[in-house]
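Protein chains in written order, with my numbering: chain A, 1 to 276; chain B, 277 to 385.
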């Protein structure tokens, strides 16, 4: 039972961290609860569908279907996170000012919520399909599985509680800093996802270049430990990054901040100010 | 940047075909949540494709952090795991859904 709890818990916390960050990033935005719920709901539904067709997905593209699917899911999430950060770079200040002065919901936030709802949905979809397959396997193995099944369900509950803790921890940050913090968290999240995505491409037989390991920190922090997994999701930590992963990680961060800079400096009004 | 992308695409095309051709060479079978063989020898310093056949009714996740592989193999199904190039050594892997019994080692030499 404990084994099942741990397996499910460590899948759920990966999605949970992302949900916690998204919730903190959208604090005070009107209708965010509904959007996040839609994201989670679609993610769970998608996870069940992916689990159902796991065999077919795996067989697609000469047996590389699952890797390509994961790479694509992560790639889309990266784009959505970039979009969100760029949007926030442009409108964040107004929202923050408004939040402080009125202390109520802000309606302009509607636009990036679609992007973040998609990110939430994809995170739940990816981790959730593994949970579904694992729990189904227990369920299918018959009567002896009931203790394991309870363990698995407790794992989901514990994972949800962890999401809550992440959120509470993040919203304890004072309002004037929270956008900076969540912007950084989202940037690192996206860079980690991009590096993971390129590894899936490599596993699929694509992008088989720059495959040398840059460093090995498995003796300090193993990818398999809970801490390693948390940092893997949070900042893209991996004990043995390849050259390609490192390059993609840095390039994503660079692209993210470049995009935010462009979004911030491009004139928000139709009549641009006279150049100095 | 563009020429890099083209190179990347070409490299992918060139490497994809031989990878799938090699897939037949190495086979792992999962039965009763155990891998057979538990030790699989592969050549070092080159890409290797291992076909994992799951004869159990339920799904298994082939996982190895050191090999950078996480792959779900559905019940009564098979999947190809691409690894390497590896330095000579031992690279353990597990079936994450049944870690107690499903264990094995890739030996690169």
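For glycine and all other residues, C-beta sits at the position ideal for the given N, C-alpha and C.
Source: prediction; values computed, not measured.
Taking residue 218 of chain A as reference, the option from A/29, A/116, A/158 and A/229 with the minimal CA-CA separation is A/229. For residue 349 of chain B, the uninterrupted beta strand (DSSP E) run begins and ends at 345-349, by DSSP.
Any Cβ of chain B closer than 8 Å to the Cβ of residue 197 of chain A would place that residue at the interface, and such an atom is absent. For residue 162 of chain A, the enclosing alpha helix (DSSP H) covers residues 146-171.
Taking C-beta separations shorter than 6 Å and ignoring five residues to either side along the sequence, the partners of residue 89 of chain A in its chain run 260, 263 and 264, following chain order. Residues of the segment 343-362 of chain B that bring their beta carbon within less than 9 Å of a beta carbon in chain A comprise 344, 345, 346, 347, 348, 349, 350, 351, 352, 353, 354, 355, 356, 357, 358, 359, 360 and 361, in sequence order. Here residue 366 of chain B is not near residue 205 of chain A, since their CB atoms are 8 Å or more apart.
The beta carbon of residue 243 of chain A does not come within 8 Å of any beta carbon belonging to chain B, so the residue lies off that interface. Contact check for residue 252 of chain A and residue 190 of chain A: beta-carbon distance about 6 Å, within the 8 Å limit, so the pair qualifies.
Contact between residue 78 of chain A and residue 158 of chain A does not hold, since the beta-carbon distance rounds to 28 Å and is not under 8 Å.
In this structure, residue 4 of chain A and residue 138 of chain A form a Cβ contact; the two beta carbons are roughly 7 Å apart against a cut-off of 8 Å. Within the segment 250-266 of chain A, no residue places its CB atom closer than 8 Å to a CB of chain B. The C-beta of residue 176 of chain A has fewer than 16 other C-beta atoms within 10 Å across all chains shown, which makes the residue exposed. Taking a beta-carbon distance threshold of 8 Å, residue 9 of chain A does not count as an interface residue toward chain B. Using a C-beta cut-off of 8 Å, the segment 161-169 of chain A makes contact with the segment 12-23 of chain A, since at least three inter-stretch Cβ pairs fall below that distance.
Cβ contact annotation for residue 75 of chain A (same chain, cutoff 6 Å, sequence separation greater than five): 197, in chain order. Note on geometry: alpha-carbon atoms of residue 184 of chain A and residue 81 of chain A lie some 11 Å from one another.
The DSSP assignment places complete alpha helix (DSSP H) segments of no fewer than 4 residues inside the segment 175-221 of chain A at 175-203, in order along the chain. The alpha-carbon separation between residue 332 of chain B and residue 351 of chain B amounts to approximately 6 Å. Residue state for residue 141 of chain A is assigned as coil, using DSSP reduced to three classes.
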